[in-house]
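Undergrad:
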Amino acid sequence: MNLLGSLFTSSIGRKFLMAFTGLVLFGFVTGHLIGNLQIFLPPEKINHYGHFLESLGSALWLIRAFLLVCTVVHVWAAISLTLENRAARPDRYGVDKTNRATLASRVMAQTGIVVLAFIIYHLLHFTIRAQHPEWSQHTYQLHDGTMVRDVFKMVVQGFSSVPVSVFYIIAVGLLSYHLSHGISSMFQTFGLKNESWSRGLDGFAKAYSWAYFLLNALIPIAVLSGYVHL
Ligand code: HEM
């Protein structure tokens with residue numbers, strides 16, 4: 569069988585695909601967070617950034633398509649490996665092995681499903697603006713006179729709702745928990761987790777996940793508390 573075929577059929581190939589697509593999605597969420605933190609700067613910054621992304625045109629659509637493919641492959645590889653593991657290891661001996669695995673690793677499927685539901689909600693909320701079509705009409709004039717979409721105003725109005733903000737905070741909390749195990753697992757698949765590095769890499773995964781959660785949660789909290797306002 570050729571290399572590409574075995575990437576999809578062998579379990580090591582699918583583990584690699586899961587780690588690789590996980591790495592791409594990890595890169596996206598990190599970049600997206602850095603972009604979003606511009607909400608703490610004057611509105612010009614995040615609106616200029618939004619305009620820059622929109623100006624990428626077809627390149628932006630290529631990136632979106634690549635991210636979508638990575639998400640589908642990540643979910644497919646996770647489901648197929650889980651089903652295969654279950655079929656290969658029926659709990660015949662009645663031994664509870666769960667206490668050896670961390671809670672984060674045992675609830676990867678559950679946290680993954682909530683993150684997926686969150687992404688669908690988030691796209692409807694801020695990208696498609698299904699509930700608030702008027703957000704597409706908010707415009708902002710940059711210092712150079714260019715009229716662009718007012719992303720700053722949209723985010724502030726979006727997080728002014730308490731239930732929406734609470735849902736975002738819970739969702740990024742679960743995403744961070746998913747990442748805390750996912751990052752360690754990715755290092756393992758890429759063969760980077762030898763004995764001397766293992767503790768350091770697990771420490772990095774934990775520290776990253778906490779920082780990711782706190783910085784993301786800070787955005788709706790800053791809006792709700794009135795620190796970031798129109
Ligand atoms: C407080 C946290 C977040 C804020 C303020 C935020 C804000 C935004 C904004 C303003 C957009 C662009 C909407 C537009 O087209 O104008 C967007 C798009 C998007 N966000 Fe977020 N986001 C947050 C968290 C997340 C998280 C945690 C994820 C991933 C799990 C995520 C995934 C996406 C995706 C996939 C898009 C669509 C990108 C595209 O196709 O252009 N976001 N977000």
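Under my numbering, the letters of the sequence shown match residues 569 to 798, in that order. Ideal Cβ placement from N, Cα and C applies to all residues, glycine included. Since we're looking at a predicted model, the values are computed, not measured.
Please say whether residue 796 and residue 580 have beta carbons closer to each other than 9 Å?
TA: No; because the gap between Cβ atoms is not below 9 Å, this pair is not in contact.
Undergrad: I'd like to confirm something about residue 686: is its beta-carbon nearer than 8 Å to some heavy atom of the ligand HEM, or not?
TA: Result yes, Cβ under 8 Å from the ligand HEM.
Undergrad: Please name the residue, chosen from 671, 774, 724 and 640, that lies closest to residue 752 on a Cα-to-Cα basis.
TA: When each option's Cα is compared against that of residue 752, the closest is 774.
Undergrad: Using the C-alpha atoms, what's the distance from residue 793 back to residue 758?
TA: In a straight line, the C-alpha of residue 758 is about 42 Å away from that of residue 793.
Undergrad: With distances taken from CA atoms, which of 589, 674, 646 and 611 is nearest residue 634?
TA: For residue 634, the nearest C-alpha among the options comes from 589.
Undergrad: Only counting the same chain, and skipping five residues up and downstream in sequence, which positions put a Cβ closer than 7 Å to that of residue 731?
TA: No residues qualify anywhere along the chain.
Undergrad: So residue 722 and residue 694 are in contact, right, with Cβ under 8 Å, and what is the actual spacing, rounded?
TA: With 8 Å as the limit, residue 722 and residue 694 qualify as a contact, their Cβ atoms being about 7 Å apart.
Undergrad: For residue 771, does the count of other Cβ atoms within 10 angstroms reach 16, so buried, or fall short, so exposed?
TA: Flag for residue 771 reads exposed.
Undergrad: Around the C-beta of residue 620, are 16 or more other C-beta atoms found within 10 angstroms, so that it is buried, or is it exposed?
TA: Under this definition residue 620 is an exposed residue.
Undergrad: How big is the Cα-Cα spacing for residue 572 and residue 678?
TA: Spanning the two alpha carbons is a distance of roughly 30 Å.
Undergrad: Once you ignore the five residues that flank residue 743 on each side, which residues in its own chain have a CB closer than 6 Å to its CB?
TA: Within the same chain, residue 743 has close Cβ partners 683.
Undergrad: Report the rounded CA-to-CA distance for residue 648 versus residue 734, giving the unit in angstroms.
TA: Using only the alpha carbons, I get a separation of about 33 Å.
Undergrad: What residue range is occupied by the uninterrupted beta strand (DSSP E) comprising residue 707?
TA: Residue 707 -> beta strand (DSSP E) spans 707-709.
Undergrad: Closer than 8 Å: is that where the CB of residue 641 sits relative to any heavy atom of the ligand MN?
TA: Among the ligands modelled here, namely the ligand HEM, the ligand MN does not occur.
Undergrad: Is residue 627 close to the ligand HEM? I mean its beta-carbon at under 8 Å from any heavy atom of the ligand.
TA: No, the ligand HEM has no heavy atom inside 8 Å of this Cβ.
Undergrad: Using a Cβ-based criterion (distance less than 8 Å to any ligand heavy atom), does residue 611 qualify as near the ligand HEM?
TA: No, Cβ of residue 611 sits at least 8 Å from all heavy atoms of the ligand HEM.
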